[in-house]
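Residue numbers (the numbering used here): 10 to 293.
Cβ atoms here follow ideal geometry from the backbone N, Cα and C, with glycine treated the same way.
Quantities reported herein were computed from a predicted structural model and do not represent experimental measurements.
Inspection log for the structure reproduced underneath, given as structure tokens.
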């Protein structure tokens with residue numbers, strides 16, 4: 010059995026849907042905070058059990074009988090994510106799981122100025138010490154591109170701080186590839202990058218956006234503090250703006266520049282490109 014945590018979230022839920030296309034529902038389990046939100050999965054034959062990273066006893070129950078567990082990383086910046094992930098890893102080990110697959114982040118290496126990389130690094134270390142086979146899928150940035158680029162469709166400008174190359178990746182592609190890995194189509198050990206095959210800059214994206222929009226889209230580089238001030242003025246909390254700024258700085262330092270072919274190999278097709286995503290406004 011394969012158990013997926015966070016199965017009512019975007020990535021976890023999409024991964025379960027792809028697993029259902031690959032194997033019988035009774036070989037799939039989910040560990041969720043609120044079982045009522047997973048009723049649609051239970052109705053299709055998926056084993057649904059309540060499990061929370063804050064309550065290790067519930068995790069041991071929800072992981073029981075699993076050969077593999079997908080530990081979807083938390084995203085609450087105020088939480089002790091390393092401690093919560095440790096709870097999940099230890100519960101999986103106690104449940105006798107043979108492999109743990111973890112959703113990490115591209116660029117999860119020392120020296121990355123983007124703070125979330127730190128808890129991914131720490132979680133990967135916990136996995137390495139667990140005594141169980143493990144895979145860390147270092148996923149490329151998969152947020153909506155329109156969110157990354159700002160209101161370029163209305164302004165004709167991408168106004169952001171200096172950046173660097175990033176292989177912006179489609180979340181749907183990552184979910185499908187994660188299901189491929191869990192289904193055992195290919196064994197991957199340790200940390201691996203799961204990204205779009207090509208890294209692009211905001212200059213590249215401005216050119217792509219121009220083609221999509223059929224009119225010029227200009228890239229405008231702004232000073233870091235000027236950009237933060239503008240974000241605050243538009244209603245973004247300063248703490249959030251400064252966190253996003255660290256991501257830009259990490260890109261600028263080349264922390265996300267490495268792209269590779271693995272995602273396409275797992276999918277058996279070319280992953281969706283930035284041009285594909287910008288052309289599809291519903292999934293940009």
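What first and last residue would you give for the beta strand (DSSP E) that runs through residue 14? Looking up residue 14 in the chain shown gives position 5. That run of the beta strand (DSSP E) goes 11–14.
query: Assuming residue 41 and residue 55 make a contact with CB atoms under 8 Å, what is their CB distance in whole Å?
result: The count along the chain shown starts at 1 and reaches residue 41 at position 32. The count along the chain shown starts at 1 and reaches residue 55 at position 46. In fact, because the Cβ distance is near 10 Å, the residues do not count as touching under 8 Å.
- At which residues does the alpha helix (DSSP H) containing residue 283 begin and terminate? Numbered from its first residue, the chain shown carries residue 283 at position 274. Here the alpha helix (DSSP H) through residue 283 covers 283–288.
Determine the extent of the beta strand (DSSP E) in which residue 203 is found, giving its start and end residues. As a first step, residue 203 must be located in the chain shown, where it is residue number 194. Residue 203 -> beta strand (DSSP E) spans 199–203.
Exercise for review: Could you check the C-alpha separation between residue 291 and residue 158 for me, to the nearest Å?
Suggested key: As a first step, residue 291 must be located in the chain shown, where it is residue number 282. As a first step, residue 158 must be located in the chain shown, where it is residue number 149. Below a pLDDT of 50, predicted positions are generally treated as unreliable, and residue 291, at 47, falls in that range; the measurement from the model is reported next regardless. Cα to Cα, the separation comes out at about 15 Å.
Quiz item: What separation, rounded to the nearest whole angstrom, lies between the Cα atoms of residue 43 and residue 59?
Solution: Within the chain shown, residue 43 is the residue found at index 34, counting from 1. Within the chain shown, residue 59 is the residue found at index 50, counting from 1. Going from the Cα of residue 43 to the Cα of residue 59 covers about 6 Å.
Going by beta carbon distance, what residues of the same chain come within less than 8 Å of residue 154, once the five residues before and after it are set aside?
Reading the chain shown from its first residue, position 145 is the one you call residue 154. Closer than 8 Å at Cβ, skipping near neighbours: 177, 214, 283, 286, 287, 293.
Inside the stretch 150–211 only - alpha helix (DSSP H) runs reaching at least 4 residues
154–158, 161–164, 180–191
* Asked: Touching or not, the stretch 200–219 and the stretch 165–182, by the rule of three or more beta carbon pairs under 8 Å?
  -> yes
Given a threshold of 16 other Cβ atoms within 10 Å of its Cβ, counted over all protein chains shown, does residue 204 qualify as buried or as exposed?
One-based indexing of the chain shown puts residue 204 at position 195. Classification of residue 204: buried, given that the 10 Å Cβ count is 16 or more.
Handout entry: Reference residue 137; option with closest CA among 152, 99, 125, 174
Key = Walking along the chain shown from the start, residue 137 turns up at place 128. Of the candidates 152, 99, 125, 174, the one whose C-alpha sits nearest the C-alpha of residue 137 is 99.
Within 10 angstroms of the Cβ of residue 49, are there 16 or more other Cβ atoms? Answer buried if so, exposed if not. One-based indexing of the chain shown puts residue 49 at position 40. Result: exposed.
ask   = Expressed to the nearest angstrom, what Euclidean distance is found between the alpha-carbon atoms of residue 26 and residue 272?
value = Reading the chain shown from its first residue, position 17 is the one you call residue 26. Reading the chain shown from its first residue, position 263 is the one you call residue 272. Looking at the two C-alpha atoms, the distance is approximately 18 Å.
Let me check understanding here. Comparing Cα to Cα, which of 196, 14, 260, 142 lies closest to residue 172?
Stepping through the chain shown from its first residue, residue 172 is reached at position 163. The shortest C-alpha separation from residue 172 is found at 260.
Mapping DSSP to helix, strand and coil, what is residue 261? Residue 261 sits at position 252 when you count from the first residue of the chain shown. The answer is helix: DSSP assigns residue 261 an H, G or I state.
Next on the checklist: For residue 239, report the span of its alpha helix (DSSP H) as first-last.
Outcome noted: Taking the chain shown and counting its residues from 1, the one referred to as residue 239 is at position 230. Counting along the chain, the alpha helix (DSSP H) containing residue 239 begins and ends at 233–242.
Note to self: Considering only the alpha carbon of each residue, which of 161, 17, 24, 68 lies closest to residue 45?
What the structure shows: Stepping through the chain shown from its first residue, residue 45 is reached at position 36. The shortest C-alpha separation from residue 45 is found at 17.
Any beta carbon from chain C within less than 9 Å of residue 276's own beta carbon?
In the structure shown, chain C does not exist; there is a single protein chain.
Should residue 23 go down as buried or exposed, given a rule of 16 or more other Cβ atoms within 10 Å for buried? Against the chain shown, residue 23 aligns to sequence position 14. Residue 23 should be labelled buried.
- Task: Take residue 251 and list the residues in its own chain whose beta-carbon comes closer than 8 Å to its own, dropping the five residues that flank it on each side.
- Result: Within the chain shown, residue 251 is the residue found at index 242, counting from 1. For residue 251, where only same-chain residues beyond five positions count, the Cβ hits under 8 Å are 237.
_Beta bridge counterpart(s) of residue 38 as assigned by DSSP_ = Locating residue 38 in the chain shown gives position 29, counting from the first residue. In DSSP, residue 38 forms a bridge with 12, 56.
- Query: Cβ atoms of residue 13 and residue 191: under 9 Å apart, would you say?
  - Reply: The residue given as residue 191 occupies position 182 in the chain shown. The residue given as residue 13 occupies position 4 in the chain shown. The answer is yes: Cβ separation under 9 Å.
Can you look up residue 17 in the DSSP assignment and give me helix, strand or coil? For this step, residue 17 is matched to residue 8 along the chain shown. Correct three-state label for residue 17: coil.
- Item | Exposure of residue 84, with buried meaning 16 or more beta-carbon neighbours within 10 Å | Walking along the chain shown from the start, residue 84 turns up at place 75. Exposed is the call here.
Close-in-space but distant-in-sequence residues of the same chain around residue 233 (CB under 7 Å, 5 per side omitted)
Along the chain shown, one-based indexing puts residue 233 at 224. So the qualifying residues of the chain are 170, 254.
ask   = Excluding the five sequence neighbours on either side, which residues of its own chain have a C-beta within less than 7 Å of the C-beta of residue 15, listed in chain order?
value = The count along the chain shown starts at 1 and reaches residue 15 at position 6. If we look at residue 15 and ignore the five residues flanking it on each side, its Cβ neighbours are 21, 81.
Exercise. If you follow the alpha helix (DSSP H) that residue 45 is part of, which residue opens it and which one closes it?
Worked result: Working through the chain shown from its first residue, we reach residue 45 at position 36. Careful: residue 45 lies outside any alpha helix (DSSP H) and carries neither H nor E.
Self-check item: Pair within 9 Å by beta-carbon distance, residue 139 and residue 200
Solution: The residue you call residue 139 lines up with position 130 of the chain shown. The residue you call residue 200 lines up with position 191 of the chain shown. Not a contact, by the Cβ cut-off of 9 Å.
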